[in-house]
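Okay, structure first, notes after.
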Amino acid sequence: MNAQQAAPQPRQDDAAAQAAYAQAYWQHQAAEQQQQQQWYAAGGGQQQWQQAGGGAAAQQQQWPQQPPPAADTATHVAADPGAAAYSAAYGQAYGGYGQWQQQQTQQQYASYGAHATYPGAAPQQWGWQQQAQPQQQAQHGTWQHQPQQPSGYDYRQQAAAWSGAAPAPPPTGAPPPPQPPQYPAGSGYAAAPTHSLPTDTGNTSQQQQYAGSYTSASSYTSVPPPASLTSSSHVPGGGGRRPFSIRPQVPKPKPPESSSPLVAAFNQAAAKIGSSSTAPAYTRVQVGTASQQQQTAAAPVGPQQWPPALKAYVERAFKGCDLRQRPKLQEVLKHLIGHAQASGELWTRDWGAMPLPDLSQSAADAAAVLAEVAAISGPATAPGAAVPAHTTRAWPSPTVGSAAVSQQYAQQYAPQQRKQQAQQQAQQQRRLDTNYGQKGRKRSYRDSDESSRSESEEEHWSRAERQRRQQRAGRFGDAQNDSGKSSAAWKAEERRRQLLAILEEGDDADVDWDALAIKGSCQELEKSYFRLTSAPDPATVRPEPVLRRALERLISMLREKKAPYFYALDQFKGMRQDCTVQHIRNDLTVQVYEAHGRAALEYGDWAEFNQCQSQLRVLYNEGVPGSRCEYLAYRLLYQSVHAKHGELLQLLNTLKKVTLQEAAEPQVAHALAVRAALAAADYARFFRLYSAAPGLSRAVMDIVVPTLRFDALRVFTKAFLPTLPVSFLAALLGFVAPAPHSSSNAHAASPASAGDAAQAAGAGKLVSVGDAASSIQGEGLVAAAAGDATAAEADGSAILPGCIKARFEGEHVAKVDFVQGCQDCLDFVLECGATVLNADTAEAALCDCKASAGQLTMPVAKERVPHEDSLLSVENFLKQAVTS
Amino acid sequence: MERFVREFHDAVVSEDGARLRHLVWLLCPGAQQAAAQARQANPTWNPALFASRLPAGWAEFLTLHCACLAAVQQGAHVEAYDKLVAALQHFLKVFREAPGAWVVGPMYSLVHNLSSVAQAADQELRLAGQRPDKLGDCGDQLRKCFAVSLQAPGKVCTWPVVAVPHGLTHMVLRAACTGARQPLQGTNMVQHTATSCLGAGHREKKLAALDIVNASIKIYFRLNTLRLCKNLMRTVESRQFAAFDSFPMSQRVTYQFYSGRLAVFDENYEQARQSLGFALAHCHKQAKKNKALVLKYLVPVQLVLGRLPALPAAHCLQQYDPIVAAMRNGDVKVFDDAMSTQQFLFIQEGTYLLLEKLRHAVYRRLLRKVHAVHAVLEPEKRTQVPLAQFQAALAIQGVVMSLDEVECVTANLIFKRYVKAYISHDRKIIVLAKKEPFPPLHMIVDV
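This is the structure:
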């Protein structure tokens, strides 16, 4: 959407553009207009301030304008800028921080930052401060005159301070006269600062009013405040300028990397916890030292911000932790957050759903476990889609002042009421939404419903529902994302959001699934197949041009006999998968499937071949060009050889679809002739066609050869008496290549019949009817194939893509040597259990038909050694087992 | 429109199944006219206004049905189909709850409406370049209808109330086939007549089932998903199903026609002959087209079983003439030519693979002729026919074969028991049995 198109590349010198950008970004979220006005006021003001602060600091501008992590609905989240830009900006801001820091001449700021770490507690602090030292007034006074005083106050800066990250210039109790911020011309928000700032002052006074009742810190807990407070309590009047710091009661272990921002954050969190568990546990510290300490702790912390959910998580962890284990916990959390940061999941990870670290393990282990958990559950929280309610943003508004909020907060701020409070707060948020009436159809009906109970239930339900949807969407979460490819993660997120948005609309019919197809970015030519269990990661998927090169490479490797079949299988499957996940259905896909189909056929991998050819059929039907006739021939052959095993109907269907043109193609004509020969049980013709098979047809025909030979033997032993010469069988059943000295005169085809055949072919007849025709055709093909093969082996050009050899010989290739062929035939006959006379000499052997007729058995097929590895052979295994 | 709705209302209230069947029929002139007029008068016409007075269920049905009619008239068949399916759901509810058998009539109409609209919708989708899946969906809908009609409560009537003579023979046949039933007896008859009179209404609703089965099988044939037919036919033949003879003859004929065609695919030729024979014998005598259709499939089956028909020209079955002639004369060349020239036709009709099997019969006929000639030439060696003679006979016809191939063909003939003989490879002769060397075809086919 617009935010993404205007990829956030903040320019230091262009504050106006920044503001315009922010406006454009939010324009569609009219529901939060009022809130945004405040926000803009803050943002605009800060820009000014930053300009005063210096160039490097100006890069911070981006941060306030980052969309808050909790946009309200899933439909908005797609507007989030890409992660790359995000992290880039992050780095800049972080780098710029040092400079900025130097300009903070007032160390008190740091102490203030510590002070204000818990905005929700501000009223209480205020209360305490009411009781406390008079000095503060003086300090207060000095602060008012800070030269770098921001004209508008940024609540987000406050949030950063809360996490201990950034010491924020404190606003004053009596706000300084706001310098009119500069807004771009035509800005609809020009009135914003005047709108928001008085509200703040109003709040302040109200808070002061209430402050008296908050003097007891006993109600203060470490539970994160409701979002409305987190984000809204500017503590503008604060008054708590008294430089004191809340320290944990226990001796705090000095973290070795005290310079790390993380550590600072922990310290802050720990400080709060400590104070909460032993409230009222604040100790007065000398201004100077305390601020010094804070300064050192916070020093390297940039104006980066932590996700509220993460803060809540850290607090949760500290709260549930034994005091003695706190150092260890710190370690664990440091690991964890470091990891999240490294993988760019800091903002996307569902911290609310993270389990607490298991401190019985070593710190590194516990962190690793948690990281894994996070990876499994996926970066669940699309910002705003299902962030737990207490982290959702609820802005202060003129109608619902933060005073009211804080009152409610004070009443309910007890740990056991946390959930209820969250609900109430969500309810309030909704009221805010509906007050501005732009939440759309889905929520508007709740306007009339004022019963808080039913509302809260409803809210609870819808939250649960949202989370459930989130989880459903999240089940496609990719486990491969945690390899630090934040952009990939982000894209997956993006896609998921699109999908969610579409599903929300609920109109299944118009979903353009192709638009949701991923676009790969992997450049590797070699990629192993991995059966996906989740949505594919674009970083591991190859785009079309890369796939083309990969296919070329693999085909040439096969051609040069460098790749064994199992390598090719793996590669082909990877390519097929890449095509599938990217919805590529064009000539490339066809080429991949065709090449794989041929390779599988050559090797005899029927499962893969069938997958390929059924896919190819669909692709061809879609009109994608390819070797349609070749695969039609394979299909016809495959169905013909399995016709007796339930493929007859399919064969009929295939035959119905064969057009005249296709039937005239040599390979299809051959397949049709084979089908006819099989149907007529014409063994002689079948084996002649076998020897003349083009392409890889022989591989398909191989399937049926053993059965066919056995059938033939059965037929012949029944029909012939008294004996049947093995040599005759050998010639008929394709054991011996047709040769002049063979007893048969099979190839005495007259010129006349050859003419017939030509005529038949010319007329486009499907089956070359006469044997003569097919034999002529066959001879021609054989000659052609043989000629091709010899020529082709030399240059490798005639090798079909995916094949290793130019000519596929077939398993049951006839022997040129007559004696050798007869020997093979004799072996076969003996294997079938026939009684053979003169078995010593193969040529003269005679099969005793009468004796054999009843006792023939189908010979057991020889096992193919799996994976061409003799170590995997069953025989080999058994032999070893016996010997050992 | 008013009139049509009133008529519809009357038919529903008086439970007049036949009239309702006509009114619900897609091409019912009254309904068509009414819908057209109403649409002309007011393009945004809402049939719901008229349907308010009807009993529960029928009102919704009529609304959707009229919407379907309007869509059909506008040529929006896909929309019409969707409306029809929606209407069907309401009708099925009514059907399930209605006590009488009169709802069977409209069910017939609806089933036929459904399949014809689905076909039209598929045509439309195909033209629009989309995936035509309505016919498949129609199959699913019919399955639903079938389940509803099958589950109609009431005692199953095993035997018919009135058994026509042919029905009796058929029942005996079925009894023989299943083996589970006792032969028909008088007492049984009386008993079943009595039970079938009880709760007649619900039982009769089962009679909608066969029509649905027929429509489904027709769709499966069109979709090439014949394996789905098996389950349906098994149900029809089960005891749960109403007695076959209690269905209208037209439906029985249709069913037998399809079951005969399916038996061919299972190579169960005798079964196919019986079923197709039933269909031919009981087809309405005016239904020439249907008879021709039955014959188209019956003739090849009879040929395979060795019965050569005298084909009357009236049935437009000229495509079989050369084949029959070839079988008479043992002319392999004529047979091959006929097969190759008409290959497309036969493949499209689904008879090609069946006719291919006739080649053996043609060879056998030729061998028989050769044998007869040889017997005249050499009376004392009449059983020993040289293979060279057979080869020469083939060559005369124009079929050139090597002696090996001739041996191969002859061996197959012997193995398949077309010929009682053996081959002597050394002497290159075929030695025929002295007694009945060529047994009748119908005796040998079922091997």
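In order, the protein sequences belong to chains A and B.
Just so you know, the first sequence maps onto residues 1 to 884 in the working numbering.
Just so you know, the second sequence maps onto residues 1001 to 1447 in the working numbering.
Glycine residues also receive a C-beta, built at the ideal position from the N, C-alpha and C atoms.
Which residue wins for smallest C-alpha separation from residue i, given the options the options?
| i | options | result |
| --- | --- | --- |
| P1132(B) | D1140(B), L1142(B), A1121(B) and G1139(B) | A1121(B) |
| E552(A) | A676(A), G802(A) and H642(A) | G802(A) |
| Q545(A) | L878(A), E560(A), Q582(A) and L336(A) | In the sequence as presented, Gln is not what sits at residue 545(A); that position holds Pro. The shortest C-alpha separation from P545(A) is found at Q582(A). |
| A844(A) | V819(A), E875(A) and A861(A) | V819(A) |
| V1024(B) | M1107(B), V1334(B) and A1076(B) | M1107(B) |
| E524(A) | P538(A), S534(A), A517(A) and R531(A) | P538(A) |
| K1134(B) | A1128(B), F1146(B) and A1118(B) | A1118(B) |
| L1293(B) | G1277(B), G1306(B), L1303(B) and T1383(B) | G1277(B) |
Please report the residue range of the beta strand (DSSP E) in which residue i lies.
| i | result |
| --- | --- |
| Q1384(B) | Q1384 to P1386 |
| D848(A) | L846 to D848 |
| V1431(B) | I1429 to L1432 |
| I1423(B) | A1421 to S1424 |
| L724(A) | T723 to P725 |
Decide if residue i is buried, meaning its Cβ has at least 16 other Cβ atoms within 10 Å, or exposed.
| i | result |
| --- | --- |
| P1029(B) | exposed |
| H1284(B) | exposed |
| C847(A) | buried |
| Q591(A) | buried |
| T1225(B) | exposed |
| H645(A) | exposed |
| C825(A) | buried |
| D1321(B) | exposed |
| S1196(B) | Bear in mind that a pLDDT of 38 at S1196(B), under 50, signals an unreliable position, so the model cannot answer this. |
| V882(A) | exposed |
| D493(A) | First, the residue type needs correcting, since residue 493(A) is Glu and not Asp in the sequence shown. Looking at its Cβ environment, which holds 16 or more other Cβ atoms inside 10 Å, E493(A) is buried. |
| M1443(B) | exposed |
| L1296(B) | Checking the sequence shown, residue 1296(B) turns out to be Lys, not Leu. Under this definition K1296(B) is a buried residue. |
| F1346(B) | buried |
| I1396(B) | exposed |
| G764(A) | The predicted model places G764(A) with a pLDDT of 40, which falls under 50 and marks its position as unreliable, so this point remains unresolved. |
| F1095(B) | buried |
| A161(A) | The predicted model places A161(A) with a pLDDT of 41, which falls under 50 and marks its position as unreliable, so this point remains unresolved. |
| G1330(B) | buried |
How would you list, in chain order, the residues of chain C whose beta-carbon sits under 8 angstroms from the beta-carbon of residue i?
| i | result |
| --- | --- |
| L1226(B) | Absent from the structure: chain C. Protein chains present are A and B. |
Which residues mark the beginning and the end of the alpha helix (DSSP H) in which residue i is found?
| i | result |
| --- | --- |
| F716(A) | V705 to A719 |
| V1213(B) | A1208 to L1223 |
| Y565(A) | Y565 to V581 |
| M557(A) | E544 to R559 |
| C627(A) | The question names Cys, yet the displayed sequence has Ser at residue 627(A). Segment: none, S627(A) is in no alpha helix (DSSP H) and carries neither H nor E. |
| R1126(B) | V1104 to L1127 |
| R1328(B) | D1321 to N1329 |
| N1412(B) | L1403 to F1415 |
| T654(A) | L648 to K657 |
| N876(A) | V874 to T883 |
| M701(A) | S697 to D702 |
Could you name the residues of the region 1351-1369 of chain B whose beta carbon sits closer than 9 angstroms to any beta carbon of chain A, in the order they occur along the chain?
-> Going along the region 1351-1369 of chain B in chain order, one finds Y1352, L1353, E1356, K1357, R1359 and H1360 with a Cβ nearer than 9 angstroms to chain A.
Closer than 9 angstroms, Cβ to Cβ, to anything on chain B: give me those residues from the region 670-683 of chain A, in chain order.
-> Cβ contacts with chain B: A676, A679, A680, A681, D682 and Y683.
Within the region 1028-1087 of chain B, note down every full alpha helix (DSSP H) run reaching 4 residues or more, in order along the chain.
-> 1029-1041 and 1058-1074
Name the residues in the region 707-723 of chain A whose C-beta lies less than 7 angstroms from a C-beta of chain B; which are they?
-> V715, F716, K718, A719, F720 and L721
Looking at chain A, which residues of the region 1417-1435 of chain B have a Cβ within less than 7 angstroms of any of its Cβ atoms?
-> Y1422, I1423, S1424 and H1425
Can you give me, in chain order, the residues of the region 1242-1271 of chain B that have a beta carbon less than 7 angstroms from any beta carbon in chain A?
-> Using a CB distance below 7 angstroms, the part of the region 1242-1271 of chain B facing chain A consists of F1265, ordered along the chain.
Please name the residues in the region 653-667 of chain A whose beta-carbon is closer than 7 angstroms to at least one beta-carbon of chain B, in chain order.
-> N653, L655 and K656
Only counting runs of 4 or more residues, tell me where the alpha helix (DSSP H) segments fall wholly within the region 1230-1308 of chain B, in order along the chain.
-> 1249-1265, 1269-1282 and 1288-1304
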